[in-house]
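Position in the sequence shown counted from 1, then plus 1, gives you the numbering used here.
Presented below is the structure to which this report refers.
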Amino acid sequence: MSEATERKDLQAAGNMKAVMGKYFTELMRGPEAGRKTAWCTSVGPAELLRALGFNVYFPENHGAMLGATRMATDLIPVANARGFSPDICSYLTSDIGSHLKGESPFHKMKMPGPPKADVLVFNTNQCRDVKDWFQFYARQWSVPCLGIHTARSIGEVGESIVEDVARQTEALVEPLEEVAGTKLDVDRLREVMDLSRQCTVLWKAVLATAATVPSPFTFFDGTIHMGPAVVLRGHQDAVDYYEVLLAELTQRVADGVAAVEGEAHRIYWEGMPIWGKLRDLSTQFMELKTCVVASTYCNSWVFEALDPADPFRSMARAYSSIFICRSDREKEAYIEEMARTFKIDGILYHDAKTCPNNSNNRYGMPQRLREKLDLPYLVVHGDLNDLRLYSEEQTRTSIEAFAEQLGEAG
Ligand code: SF4
């Protein structure tokens with residue numbers, strides 16, 4: 002690999018390993034430290050759980066680890082044999098396969114494996130699969146599974162939606178207090194929300210540095226550095242981490258450092274990452290002097306509506322405003338804005354076969370946006386975790402042709 006195609010790792014990555022290592026260690030030691038564990042969906046009510054003193058565990062993070070280590074390939078069939086279809090979420094099938102087979106990337110980190118839940122809390126704002134996923138474990142361990150049911154394809158996030166979700170979130174408090182063995186302290190909730198809000202502001206600022214030409218940061222960097230925003234929002238460690246990362250990126254911008262040497266094209270990644278192929282894809286884009294500067298995925302952990310002064314209603318608004326649960330009209334307006342802000346030359350849609358919720362190419366959106374924005378697009382067929390659904394050769398060739406097309410357009 003030549004110097005020009007080598008990924009320029011950020012120094013903050015060292016801090017991140019330490020921050021994530023500490024988080025995982027505390028998680029595993031929860032029971033002996035007298036802490037209860039709550040499993041939470043990635044856009045579930047993490048702030049409420051943290052304020053109640055739970056250690057909060059996000060199984061989607063484990064799903065991504067199973068994908069990135071490619072362990073998912075052997076584990077998905079184990080869940081399939083238990084009746085979980087190969088067509089449903091491959092985070093779910095790889096995670097349940099991991100549980101049934103007793104194999105996890107945590108073992109390679111000399112850790113015992115995902116912590117057993119005392120309670121599981123979902124929000125269907127992202128999909129129904131998370132509820133089925135959590136109910137599997139609730140049955141296994143005979144523990145409560147609680148949740149929030151959010152409307153899908155939301156246009157404007159109006160009062161009735163905010164009221165409904167806030168009411169459902171408040172209804173979780175009593176059963177959660179019972180599991181936690183403590184009462185909710187609203188001042189503590191406000192503190193946690195304040196930290197979550199700070200994390201959001203910093204993470205957004207980190208992603209915004211990629212609007213600079215050349216960009217100091219890529220989508221592939223984002224998939225690594227988003228870890229604390231996902232699992233540690235509401236915790237001081239995430240805030241501290243993003244302050245350091247933002248300072249490093251600001252310096253890169255000042256020094257004119259390009260994440261992709263000789264950046265010639267800038268594209269937007271719409272849809273899930275292909276976890277088992279991140280390094281290969283990152284290298285190919287480097288070789289093509291194409292920077293994936295922004296994505297829906299990394300921006301999904303920006304929750305601007307969070308407001309400590311109005312905890313339940315603002316959580317409801319924030320978690321009902323995420324891209325995945327919005328109508329196509331809202332999604333298109335969002336991508337349009339992103340394309341302008343990040344000076345995009347083209348859009349790549351990942352059609353993830355086991356996640357229709359994050360595959361936005363299936364109902365004519367690419368064609369509509371091409372007309373509006375006059376930008377070329379490419380659809381890549383694959384999956385987040387199930388590499389049996391991904392063709393390396395076909396993807397390589399179509400990305401190459403897409404970069405060529407961008408070159409001609411430019
Ligand atoms: S949104 Fe997609 S990837 Fe995420 S849990 Fe749901 S089905 Fe799985």
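Glycine included, each C-beta is placed from N, C-alpha and C at the ideal position.
Next on the checklist: I need the boundaries of the beta strand (DSSP E) containing Ala296, first residue and last residue.
Outcome noted: In the sequence shown, residue 296 corresponds to position 295, counting from 1. First, the residue type needs correcting, since residue 296 is Ser and not Ala in the sequence shown. Residues Thr291 to Ser296.
Checklist entry - In the structure shown, what three-state DSSP assignment does His382 receive? => result Position 381 of the sequence shown, counting from 1, holds the residue named residue 382. If DSSP states are grouped into helix, strand and coil, His382 belongs with the strands.
Checklist entry - Are the CB atoms of Ala260 and Lys9 nearer to each other than 8 Å? => result The residue you call residue 260 lines up with position 259 of the sequence shown. The residue you call residue 9 lines up with position 8 of the sequence shown. In contact: Ala260 and Lys9 (Cβ atoms closer than 8 Å).
Checklist entry - Whole beta strand (DSSP E) runs in the segment 335–379 with 3 or more residues, listed along the chain? => result Listed in chain order, the complete beta strand (DSSP E) runs (minimum 3 residues) inside the segment 335–379 are 347–353.
Next on the checklist: To the nearest angstrom, how far is the alpha carbon of Met366 from that of Ile268?
Outcome noted: Along the sequence shown, one-based indexing puts residue 366 at 365. Along the sequence shown, one-based indexing puts residue 268 at 267. If I take the Cα positions, the gap works out to 16 Å.
Checklist entry - Does the ligand SF4 have a heavy atom nearer than 7 Å to the CB of Leu93? => result Locating residue 93 in the sequence shown gives position 92, counting from the first residue. Result yes, Cβ under 7 Å from the ligand SF4.
Checklist entry - Just checking, does the segment 49–58 make contact with the segment 179–198 on the three C-beta pairs under 8 Å criterion? => result Short answer: they touch.
Checklist entry - Closest by CA to Tyr350, which one among Arg341, Glu333 and Lys344? => result Start at 1 with the first residue of the sequence shown, and residue 350 comes out as number 349. Between Tyr350 and the set Arg341, Glu333 and Lys344, the nearest pair of CA atoms involves Glu333.
Item to check | Length of the line joining the Cα atoms of Glu305 and Ala265 | outcome: For the purposes of this step, residue 305 is identified with residue 304 of the sequence shown, where counting begins at 1. For the purposes of this step, residue 265 is identified with residue 264 of the sequence shown, where counting begins at 1. Straight-line Cα distance between these residues: approximately 32 Å.
Item to check | Selected residue, minimal CA-CA separation from Gly148, among Val122, Phe220, Asn359 and Gly277 | outcome: For the purposes of this step, residue 148 is taken as the residue at position 147 of the sequence shown. Considering only alpha carbons, the answer is Val122.
Checklist entry - Ser86: buried (16+ other C-beta within 10 angstroms of its C-beta) or exposed? => result Taking the first residue of the sequence shown as position 1, residue 86 is located at position 85. Classification of Ser86: exposed, given that the 10 Å Cβ count is below 16.
Item to check | For Leu147: DSSP bridge partner residues | outcome: Against the sequence shown, residue 147 aligns to sequence position 146. Residue pairing of Leu147 in beta bridges, as defined by DSSP: Val122.
Item to check | 7 Å Cβ shell around Asn358 - same chain, five flanking residues per side excluded | outcome: Taking the sequence shown and counting its residues from 1, one reaches residue 358 at position 357. Excluding positions up to five away in sequence, the list reads Gln127, Cys128 and Ile325.
Next on the checklist: Going by beta-carbon coordinates alone, are Phe220 and Cys90 separated by less than 8 Å?
Outcome noted: Along the sequence shown, one-based indexing puts residue 220 at 219. Along the sequence shown, one-based indexing puts residue 90 at 89. Not closer than 8 Å, so no.
Item to check | Glu61 Cβ short of 7 Å to the ligand SF4 heavy atom set | outcome: By 1-based counting over the sequence shown, the position of residue 61 is 60. Result yes, Cβ under 7 Å from the ligand SF4.
Item to check | Where Trp40 falls: helix, strand or coil (DSSP) | outcome: As a working mapping, residue 40 is identified with position 39 in the sequence shown. Strand at Trp40.
Checklist entry - Straight-line CA distance for Phe313 to Thr170? => result Numbered from its first residue, the sequence shown carries residue 313 at position 312. Numbered from its first residue, the sequence shown carries residue 170 at position 169. C-alpha separation (whole angstroms): 7 Å.
Item to check | 7 Å CB neighbourhood of Thr396 in its chain, flanking five on each side removed | outcome: Looking up residue 396 in the sequence shown gives position 395. Excluding residues within five positions, the ones whose Cβ falls inside 7 Å are Val381 and Gly383.
Item to check | For His150, the nearest candidate out of Thr125, Arg280 and Arg369 (CA to CA) | outcome: The residue labelled residue 150 in the question sits at position 149 within the sequence shown. Among Thr125, Arg280 and Arg369, the Cα nearest to that of His150 belongs to Thr125.
Next on the checklist: Quick check: what's the CA-CA separation for Trp142 versus Ala319?
Outcome noted: As a working mapping, residue 142 is identified with position 141 in the sequence shown. As a working mapping, residue 319 is identified with position 318 in the sequence shown. Rounded to whole angstroms, the separation of the alpha carbons of Ala319 and Trp142 is 31 Å.
Checklist entry - Exposed or buried, what is Arg189 when buried is set at 16 or more other beta-carbons lying within 10 Å of its beta-carbon? => result Translated into positions along the sequence shown, residue 189 becomes position 188. Burial is judged here by how many other beta carbons sit within 10 angstroms of a residue's own beta carbon; Arg189 has fewer than 16 and is exposed.
Next on the checklist: To the nearest angstrom, how far is the alpha carbon of Ala82 from that of Arg140?
Outcome noted: Taking the first residue of the sequence shown as position 1, residue 82 is located at position 81. Taking the first residue of the sequence shown as position 1, residue 140 is located at position 139. Taking the straight line joining both Cα atoms gives about 18 Å.
Checklist entry - Which value, in whole angstroms, describes the spacing of the CA atoms of Asn386 and Cys146? => result Taking the first residue of the sequence shown as 1, we reach residue 386 at position 385. Taking the first residue of the sequence shown as 1, we reach residue 146 at position 145. The alpha-carbon atoms of Asn386 and Cys146 are separated by roughly 25 Å.
Next on the checklist: Just to confirm, is the Cβ distance from Leu233 to Leu203 under 8 Å?
Outcome noted: In the sequence shown, counting from the first residue as 1, residue 233 sits at position 232. In the sequence shown, counting from the first residue as 1, residue 203 sits at position 202. Cβ distance not < 8 Å, so Leu233 and Leu203 don't count as in contact.
Checklist entry - Which residues does DSSP pair with Ile155 in a beta bridge? => result Translated into the one-based positions of the sequence shown, residue 155 becomes position 154. Residue pairing from DSSP places Ile155 in a beta bridge opposite Arg327.
Item to check | Trp270 - DSSP class collapsed to helix/strand/coil | outcome: As a working mapping, residue 270 is identified with position 269 in the sequence shown. Three-state result, Trp270: strand.
Checklist entry - Which value, in whole angstroms, describes the spacing of the CA atoms of Ala65 and Cys41? => result Taking the first residue of the sequence shown as position 1, residue 65 is located at position 64. Taking the first residue of the sequence shown as position 1, residue 41 is located at position 40. Each residue's CA atom was taken as its position, placing Ala65 and Cys41 some 15 Å apart.
Checklist entry - Is Tyr391 helix, strand or coil by DSSP? => result Within the sequence shown, residue 391 is the residue found at index 390, counting from 1. It is coil, neither helix nor strand.
Checklist entry - What three-state label does DSSP hand Val207 in the structure shown? => result Within the sequence shown, the letter at position 206 stands for residue 207. Reduced to three states, the DSSP call for Val207 is helix.
Checklist entry - Below 8 Å between beta carbons: does that hold for Thr224 and Pro274? => result If you number the sequence shown from 1, residue 224 lands on position 223. If you number the sequence shown from 1, residue 274 lands on position 273. Cβ distance < 8 Å, so Thr224 and Pro274 count as in contact.
Next on the checklist: Along the chain, where does the alpha helix (DSSP H) containing Val163 start, and where does it finish?
Outcome noted: Looking up residue 163 in the sequence shown gives position 162. Val163 -> alpha helix (DSSP H) spans Glu160 to Ala181.
Checklist entry - Is Asn124 near the ligand SF4, with its Cβ less than 7 Å from a heavy atom? => result As a working note, residue 124 is residue 123 in the sequence shown. No - the ligand SF4 has no heavy atom lying nearer than 7 Å to the Cβ of Asn124.
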